[in-house]
Amino acid sequence: MRPEPRLIEVRKNVLKQNDVIARALRDRFRAAGVFVVSLVSSPGSGKTAFLEKTLTLLRPRFRVAALVGDLATENDAARLARSRAPVKQITTGTLCHLEAAMVQTALEGWNVSDLDFLFVENVGNLVCPSSYDLGEDLRLVLLSVTEGEDKPLKYPTIFNSADVAVITKMDLAEAVEFDWETAYKNIQSVRPGMKVFKVSAKSGDGLENYFAFLSQRLSELRNAVVT
Amino acid sequence: MHELSIAMSIIELAEEEAEKRGAKIEAVHLKLGALAGVVKEALLSCYEMACENTSAQGSRLIVEDVPVIIFCQTCNAQRTLATIQQFTCPDCNTPSWQVLQGKELEVVALEIIECAPNHA
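Chains as they are written, first to last, in my numbering: chain A, 415 to 641; chain B, 127 to 246.
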């Protein structure tokens, strides 16, 4: 006779391994006083251009560095290196997202306490990165004006998991008849209260607002560590 | 598409638990939140594929969908969302991003068959 199956309770988080590493990273970043920003978006939304500009303009004022994830090429790291900030490429192979362990490995040999800001650019993908905590303080989701105002409704999970949204390529807004009110409303629908920045990496418009926000968050982090 | 690597993690976790008990896995019960970022259909087909040549081969993955529950400050109560496209209270329309439930990706139970009765 075939034995009856027995039901046993387990209760284990499937992504526990990632979460444990992410927590260790976050503790390490806090202790070092470095503010970590991760960037997620669809491919082609302008993450690398935005980050290159960010690194270039912040470098005279802060100690900045970046890790950049990509499936196959090292092109993004080469582009970002033009900013003269320390940059390391994480090539994920076939993996569609970054995991905390990859960030940990990429940081080997880096002293994070030498930094004010560390930027981590995820693989261009609006689905998979949402589930993986990388130990970041702030997750930034980018949406370019050329993508359509309903992106947040199509990918609610990643927009909901983010802390801040950045609308990129604002210099093209008029040409593509970008409807700001609708985009803003859709973002607020999937993530009420989310702060939204409008920027153009090309003209530089809107970047100073974003930098002021980052700088304030860095002070808050350091004050919290001290007290 | 990260469902395959998630399916592999689920199997790894289940195998570990089953091995402790010297048992064979019949089924894995999973709680899947609407905000977990995992597509159920993709996960189910990946699971079958990932089970091949493991001790979980032939086992079933039973997925329990977990809806998003938010806390509504106006109602001072928990509210279940019907859609993840609108984070507002279904009763009073107040927006809320305080998510109390819906991110679960958790193995909650296993159905196992104990191979050898090694318990007294």
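Where a beta carbon is used, it is the ideal one built from N, C-alpha and C, also for glycine. Predicted, not measured: the structure shown is a model, and the values here were computed from it.
Given that G356 of chain A touches chain B, what residues does it touch there, using C-beta distances under 8 Å? The requested residue 356 of chain A does not occur in the structure, where chain A is confined to residues 415 to 641.
Beta-ladder partner(s) of H155 of chain B, from DSSP: In the DSSP assignment, the residues bridged to H155 of chain B are B:I188, B:A235.
A246 of chain B CB to nearest chain A CB: under 7 Å? Only weak support is given to the placement of A246 of chain B: the predicted model assigns it a pLDDT of 45, under 50, and the question is left unresolved by the model.
Between V555 of chain A and F573 of chain A, is the Cβ-Cβ spacing less than 7 Å? In contact: V555 of chain A and F573 of chain A (Cβ atoms closer than 7 Å).
Nearest to T220 of chain B by alpha carbon, out of B:H128, B:Q183, B:K157, B:C198? For the options B:H128, B:Q183, B:K157, B:C198, the alpha carbon positioned closest to that of T220 of chain B is the one of B:C198.
Would D547 of chain A be called buried (16 or more neighbouring beta carbons within 10 Å of its own) or exposed? Buried, because 16 or more other Cβ atoms sit within 10 Å of the Cβ of D547 of chain A.
In the structure shown, what three-state DSSP assignment does A246 of chain B receive? Model confidence at A246 of chain B stands at a pLDDT of 45, short of 50, so the residue's coordinates are unreliable and nothing is read from them.
Name the chain B residues whose beta carbon is nearer than 8 Å to that of Q602 of chain A? When 8 Å is used as the limit between beta carbons, Q602 of chain A is near these residues of chain B: P221, in chain order.
Rounded C-alpha distance that separates C169 of chain B from F533 of chain A: It is Leu, not Cys, that sits at residue 169 of chain B in the sequence shown. In this structure, the CA atom of L169 of chain B is about 31 Å from the CA atom of F533 of chain A.
Residue of A:A499, A:K430, A:S558 minimising C-alpha distance to G458 of chain A: Considering only alpha carbons, the answer is A:S558.
Using alpha carbons as the reference points, say which of B:I137, B:G159, B:S222, B:L130 lies closest to L236 of chain B. Taking L236 of chain B as reference, the option from B:I137, B:G159, B:S222, B:L130 with the minimal CA-CA separation is B:I137.
Can you give me the Cβ contacts of R473 of chain A inside the same chain, cut-off strictly under 8 Å, excluding the 5 residues immediately before and after it? Contacts found: S497, R498, A499.
Would you call the CB atoms of G228 of chain B and V194 of chain B closer than 7 Å? Between G228 of chain B and V194 of chain B, the C-beta spacing is below 7 Å.
Is it true that the CB of N432 of chain A sits closer than 7 Å to the CB of G483 of chain A? G483 of chain A is not a Cβ neighbour of N432 of chain A, given a cutoff of 7 Å.
Quick one: what's got a C-beta closer than 6 Å to S629 of chain A's C-beta in the same chain, skipping five residues either side? No residues qualify anywhere along the chain.
Kindly list the residues whose CB is nearer than 8 Å to the CB of A486 of chain A, restricted to its own chain and excluding five residues on each side of it in sequence; keep chain order. If you ignore the 5 residues before and after A486 of chain A, its C-beta comes within less than 8 Å of the C-beta of T505, G507, all in its own chain and listed in chain order.
Assign Q212 of chain B to one of three DSSP states: helix, strand, or coil. In this structure, Q212 of chain B counts as coil in the three-state DSSP scheme.
Residue burial classification, S617 of chain A (beta-carbon count within 10 angstroms, cutoff 16): Result: exposed.
Buried or exposed by the 16-neighbour rule on C-beta atoms within 10 Å, applied to S527 of chain A: Classification for S527 of chain A: exposed.
Does DSSP put C201 of chain B in a helix, a strand or coil? In this structure, C201 of chain B counts as coil in the three-state DSSP scheme.
Taking only three categories from DSSP, how would you classify A160 of chain B? DSSP places A160 of chain B in coil when its eight states are reduced to three.
Beta-bridge pairing of T206 of chain B - partner residues as DSSP gives them: B:I195.
Bridge partners of Q227 of chain B, per DSSP? B:I195, per the DSSP bridge assignment.
Are the segment 439-448 of chain A and the segment 510-527 of chain A touching by the rule of at least three beta carbon pairs closer than 8 Å? Output reads yes: the segment 510-527 of chain A touches the segment 439-448 of chain A.
Across which residues does DSSP place T582 of chain A in a beta bridge pair? In DSSP, T582 of chain A forms a bridge with A:S558.
Segments of 3+ residues assigned as beta strand (DSSP E) that fall wholly inside the segment 451-531 of chain A: Counting only runs of at least 3 residues, the segment 451-531 of chain A fully encloses the following beta strand (DSSP E) elements, listed from N- to C-terminal order: 478-484, 501-505.
In terms of residues, what are the limits of the alpha helix (DSSP H) holding E588 of chain A? That residue, E588 of chain A, is in no alpha helix (DSSP H); it is neither H nor E in DSSP.
Compare the Cα-Cα distances from L471 of chain A to each of A:D619, A:R636, A:V434 and report the closest residue. Measuring from the Cα of L471 of chain A, the nearest candidate turns out to be A:D619.
Looking at chain A, which residues of the segment 128-140 of chain B have a Cβ within less than 7 Å of any of its Cβ atoms? Among the residues of the segment 128-140 of chain B, those with a Cβ less than 7 Å away from any Cβ of chain A are H128, I132, S135, I136, L139, in the order of the chain.
Looking only at its chain, what residues have a beta carbon closer than 7 Å to the beta carbon of T571 of chain A, apart from the 5 residues adjacent to it on each side? By the criterion of a C-beta distance shorter than 7 Å, T571 of chain A is surrounded in its chain by S544, once the five residues flanking it on both sides are discounted.
Can you grab the Cα-Cα spacing for the pair V164 of chain B / K502 of chain A, in whole Å? Whole-angstrom Cα-Cα distance: 29 Å.
With a threshold of 16 other CB atoms inside 10 Å of the CB of P417 of chain A, please say whether the residue is buried or exposed. The residue is exposed, with fewer than 16 neighbouring Cβ atoms inside 10 Å.
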